[in-house]
Amino acid sequence: MDFKGSHILSVDQFDRHSVEAIFKVADSMIPYASRQSVTRVLEGAILGNMFFEPSTRTRVSFGCAWNLLGGEVRETTEIKSSAIAKGESFYDTARVLSGYSDMIVMRHQTAGSVEEFSRASRVPVINGGDGANEHPSQALLDLYTISREMAHRGQSIDNLHIALVGDLKFGRAVHSLCMLLTLFDNIHFTLISPEELKLEPQYIEKIKSSAHVVTESTELQAGIQDADIIYVTRTQEERFASSEEASRYKGLFRLNQAIYTEFCKPNTVIMHPLPRDSRADANELDNDLNENPNLAIFRQTDNGVLIRMALFALILDVVEQLPASSRPVNWYTARRF
Amino acid sequence: MDFKGSHILSVDQFDRHSVEAIFKVADSMIPYASRQSVTRVLEGAILGNMFFEPSTRTRVSFGCAWNLLGGEVRETTEIKSSAIAKGESFYDTARVLSGYSDMIVMRHQTAGSVEEFSRASRVPVINGGDGANEHPSQALLDLYTISREMAHRGQSIDNLHIALVGDLKFGRAVHSLCMLLTLFDNIHFTLISPEELKLEPQYIEKIKSSAHVVTESTELQAGIQDADIIYVTRTQEERFASSEEASRYKGLFRLNQAIYTEFCKPNTVIMHPLPRDSRADANELDNDLNENPNLAIFRQTDNGVLIRMALFALILDVVEQLPASSRPVNWYTARRF
Amino acid sequence: MDFKGSHILSVDQFDRHSVEAIFKVADSMIPYASRQSVTRVLEGAILGNMFFEPSTRTRVSFGCAWNLLGGEVRETTEIKSSAIAKGESFYDTARVLSGYSDMIVMRHQTAGSVEEFSRASRVPVINGGDGANEHPSQALLDLYTISREMAHRGQSIDNLHIALVGDLKFGRAVHSLCMLLTLFDNIHFTLISPEELKLEPQYIEKIKSSAHVVTESTELQAGIQDADIIYVTRTQEERFASSEEASRYKGLFRLNQAIYTEFCKPNTVIMHPLPRDSRADANELDNDLNENPNLAIFRQTDNGVLIRMALFALILDVVEQLPASSRPVNWYTARRF
């Protein structure tokens with residue numbers, strides 16, 4: 001795809017080549033995100049960071065990615081009192097807000113809303129999550145993490161065995177990641193979930209039609225034995241009819257260090273889209289894994305900044321300008337770990 | 001008026017000369033707002049964007065205008081938990097907050113609050129809307145839009161015929177725009193509203209005392225026939241005793257393409273302070289006008305950025321420095337339309 | 001203490017030498033905060049301003065201090081819908097958020113939360129207030145104000161007589177200020193409060209064990225007669241079982257100009273951590289003192305910016321770079337008073 005001036009609305013926009021192009025630019029963002037270098041390549045550019053549904057992690061990640069390229073962020077974090085609540089159409093909102101900034105990131109609880117908004121926007125729009133539908137930058141950062149973790153182990157995404165664990169029915173992150181993985185070769189998907197929360201047939205068909213292997217299981221220990229990656233999810237409580245119903249599925253699959261040691265291959269990578277639910281009744285990923293070097297969950301969020309910087313730089317066509325615009329960081333930046 | 005260091009609290013501060021001075025500076029801001037050039041003339045300056053009443057459009061517009069001049073924005077968007085709620089006076093709030101920034105934009109639901117705040121502020125304050133009272137930058141952007149639209153048609157503000165439609169009793173934007181228009185020559189005001197929502201006598205007297213013409217009507221079709229500008233407003237639902245009462249006036253006057261074609265002069269300009277209410281029971285300005293090139297409603301909001309940049313630059317006395325501080329934009333900025 | 005890369009969690013971290021080092025750097029920030037000079041020494045650096053408990057004054061003060069050094073601010077102002085509410089641990093939140101910024105300021109209503117957060121953070125954390133526990137930058141700005149006010153009167157902190165008035169039981173600011181004052185020599189503390197809201201014994205013991213003098217009183221007029229500083233507090237309504245109970249203590253001690261004139265030494269400094277409660281039933285510090293040049297309450301908040309700039313500059317080790325990075329302010333900055 002040609003990124004210049006494009007909206008990013010869905011993982012369906014990407015082919016393998018475009019994913020690899022994003023990853024290559026993301027790699028080049030490491031010196032900025034790790035505070036070795038500063039760039040001001042987007043100095044004077046404005047991001048409209050429109051979160052009509054609340055978010056801390058994703059909102060701050062996009063905002064920081066833009067700031068790290070030198071731009072300014074104008075933010076909106078509520079919908080209750082917005083013009084949309086007074087009967088304004090997405091068309092009007094988009095026409096107005098796109099006059100204020102150089103790019104818009106938008107999250108909204110309604111599936112399809114960001115796509116509708118983008119049709120009226122005069123500037124590029126990135127989907128920061130539209131309800132249960134899409135969250136493409138999350139899928140990209142997950143796949144980028146897989147790529148980097150496997151590279152450290154001398155492997156690639158091709159021929160990967162990934163075990164997906166938990167609520168595979170409602171987990172938006174899982175659906176998008178699966179679709180991106182189908183762009184690669186010979187992936188083995190082990191799907192571990194309760195019967196009622198299985199990955200829906202349309203996804204399984206898409207995976208199989210691309211000549212990948214699918215194994216389904218309702219047992220954690222059996223399913224994870226041969227995996228390179230274990231991708232654990234929390235129960236998407238907010239998507240169930242009641243919290244009582246959701247609680248029936250909480251804590252069904254719990255990965256901890258003892259299970260990891262007994263059942264996993266050495267150096268199996270552990271991932272989670274976060275937040276993980278650390279309350280006693282859920283605790284799908286135990287804190288006793290925090291010192292396990294294969295726990296990649298915080299590398300995932302760190303990688304999110306790189307992916308978002310890459311998308312911004314590609315869409316605004318400033319990748320080539322980066323080397324010339326860089327200077328060393330001049331403040332104390334020693335990280336504790 | 002001398003803008004340097006001034007508060008902007010009311011349209012009453014302006015004479016024709018000062019309005020034209022603002023418009024001239026607003027014109028010079030087009031290269032920055034349209035992303036041809038970048039300026040950093042306010043680099044290091046801080047705007048306190050204090051919205052004690054919620055707003056997306058106006059808040060983001062002021063913030064972007066400041067960013068486009070190179071400055072930083074610190075924002076407040078809630079009042080419930082603020083010090084004012086703990087019994088702090090506007091005097092104290094203003095003395096404290098004015099120590100944090102170079103300029104303050106303030107919105108508050110209480111009429112007169114911004115003026116009271118400004119008396120204790122050590123830095124210039126712009127009224128971003130104080131209840132039903134004033135919103136001077138909205139009136140300026142409306143008049144600036146009229147000026148530019150008429151100029152494209154070879155006319156000026158003088159000798160204009162404007163039809164104002166809808167809730168003329170509670171519409172703050174209408175009141176301020178009328179007062180600004182009286183500074184010009186020979187304006188014909190056609191006021192179209194339900195009997196109960198007529199423009200109040202004190203405004204009509206002021207208009208007439210400046211030798212302008214006022215025609216009142218309760219019929220849309222008759223009223224708009226000879227107008228150069230049709231300025232449509234939504235029913236100010238929040239100002240009525242109940243939403244039932246407000247709903248009696250919703251949808252009474254609806255402009256759409258069929259009515260426009262049948263009753264209006266060619267190239268009649270259509271304006272609205274936005275948001276327009278696109279719900280079926282209101283719909284005062286139909287979406288079938290969206291492709292009509294005379295629909296100026298999104299040029300209004302775009303012009304708002306120019307007007308706010310102009311006010312900032314005049315108050316902080318940096319207009320002369322702009323040419324020397326400019327450089328071309330270095331990222332991809334092609335607008336879609 | 002070595003500031004480089006440190007967390008600032010409690011006043012217990014400071015000795016007299018480190019307090020004086022902060023004050024010296026704060027002095028050097030005056031040209032920037034008073035808008036004579038601009039520095040961009042932190043250009044490209046990002047502050048995570050995480051206010052999980054609402055605040056306008058402290059939040060904006062930290063944000064402006066960072067902006068004045070040239071850095072960018074990413075802000076969070078709510079907790080209801082955050083990941084913490086979905087069961088995320090402080091450990092996870094800290095690991096994630098510390099990947100997005102160069103420093104974090106955090107406020108949270110739970111005592112000890114910021115310290116717990118800081119243990120997992122990869123970047124320095126400043127405690128912006130953790131419930132009734134600590135708010136070290138407030139204590140530092142209070143002491144810095146005392147130092148500057150006394151210096152103008154030819155005195156130092158040593159040998160000071162300070163009268164603390166009001167709710168000494170729940171006032172976090174009072175506790176921390178007292179602890180900092182014990183680092184100096186021969187302080188006389190006069191504690192004026194209702195019997196039920198006395199400073200708790202552990203603080204009094206600490207003060208006495210450092211060879212300072214403590215006098216307790218339940219009478220305002222008697223207590224303030226010989227003081228150099230009168231530090232008045234509001235009743236911490238939110239810490240009482242009911243607002244009825246709190247209201248029993250409101251308005252018990254009221255300082256106004258008449259009392260000041262009759263009972264105080266000339267030039268006695270009046271301080272308050274703000275907000276002062278100006279409602280008729282409280283009004284602990286009357287508005288008729290607003291023109292009294294010894295009212296230092298707004299100099300306190302102005303000094304807060306200097307202290308916070310100093311902490312940032314010391315922790316990130318950029319103090320030495322400031323002179324070379326400075327240029328004159330290029331916009332109109334005349335303050336009104």
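Residue numbers (my numbering), protein chains in the order written: chain A, 1 to 337; chain B, 1 to 337; chain C, 1 to 337.
Don't be surprised by glycine CBs; every beta carbon is placed ideally from N, CA and C.
Neighbouring residues, chain B, relative to residue i (Cβ below 9 Å)
i	result
N256/C	Chain B residues near N256/C: none, gap ~15 Å exceeds 9 Å.
Counterpart residues of residue i in DSSP-defined beta bridges
i	result
R107/B	F51/B
N127/C	M106/C
T76/C	M50/C
H161/C	H188/C
T145/B	According to DSSP, T145/B bridges with nothing at all.
V232/C	V165/C
S326/B	T39/B
L295/A	I270/A
I8/C	I126/C
Beta-carbon neighbours of residue i, restricted to chain B and to distances below 8 Å
i	result
Q321/A	N330
A282/C	G87
L42/A	W331
L274/C	A83, E88, D92, V96
N294/C	Neighbours of N294/C on chain B: none; closest Cβ ~16 Å, over 8 Å.
Whole-angstrom C-beta distance between residue j and residue i, which should lie under 8 Å
i	j	result
V114/B	D130/B	4 Å
S217/C	T190/C	6 Å
N290/C	I270/C	So it is not a contact: roughly 11 Å between Cβ atoms.
M50/A	M1/A	That belief does not hold up - the Cβ atoms of M50/A and M1/A are roughly 24 Å apart, past 8 Å.
A313/A	L97/A	With a Cβ gap of about 22 Å, A313/A and L97/A do not count as contacting.
F240/C	A246/C	4 Å
N127/C	L9/C	5 Å
V38/C	S326/C	7 Å
R35/C	V329/C	5 Å
Closer than 7 Å at the beta carbon, the chain B residues around residue i
i	result
A45/A	W331
G5/A	Y332, A334
Buried versus exposed, by CB contacts within 10 Å (16 or more), residue i
i	result
P266/C	exposed
V213/A	exposed
S156/C	exposed
G304/B	buried
E262/B	exposed
R153/A	exposed
K4/C	exposed
N133/C	buried
K250/A	buried
D27/C	exposed
Q138/B	buried
Partner residues on chain C for residue i, Cβ-Cβ distance less than 7 Å
i	result
D277/A	K86, G87
L316/B	W331, Y332
R35/A	D102
Where residue i meets chain A, residues with beta-carbon distance less than 7 Å
i	result
G63/B	R74
heavy atom of the ligand GDP below 7 Å from residue i C-beta
i	result
G71/C	No copy of the ligand GDP appears in this structure; indeed no ligand is present at all.
Neighbouring residues, chain A, relative to residue i (Cβ below 9 Å)
i	result
L305/B	This sequence places Val at residue 305/B; Leu is not what is there. Within chain A, the residues near V305/B are G99, Y100.
Chain C residues whose Cβ lies nearer than 9 Å to that of residue i
i	result
V38/A	E43, G44, A45
Under 8 Å from the C-beta of residue i: neighbouring residues of chain A
i	result
D302/B	G99
Runs of alpha helix (DSSP H) wholly within the region 165 to 224 of chain C (minimum 4 residues, chain order): Taking only runs of at least 4 residues, the alpha helix (DSSP H) segments lying wholly in the region 165 to 224 of chain C are 172 to 181, 201 to 209, 220 to 223.
3-residue-minimum beta strand (DSSP E) runs that sit fully inside the region 236 to 290 of chain B, ordered along the chain: 269 to 271
Ordered list of alpha helix (DSSP H) runs contained in the region 11 to 43 of chain A, each at least 4 residues: 16 to 28, 30 to 33
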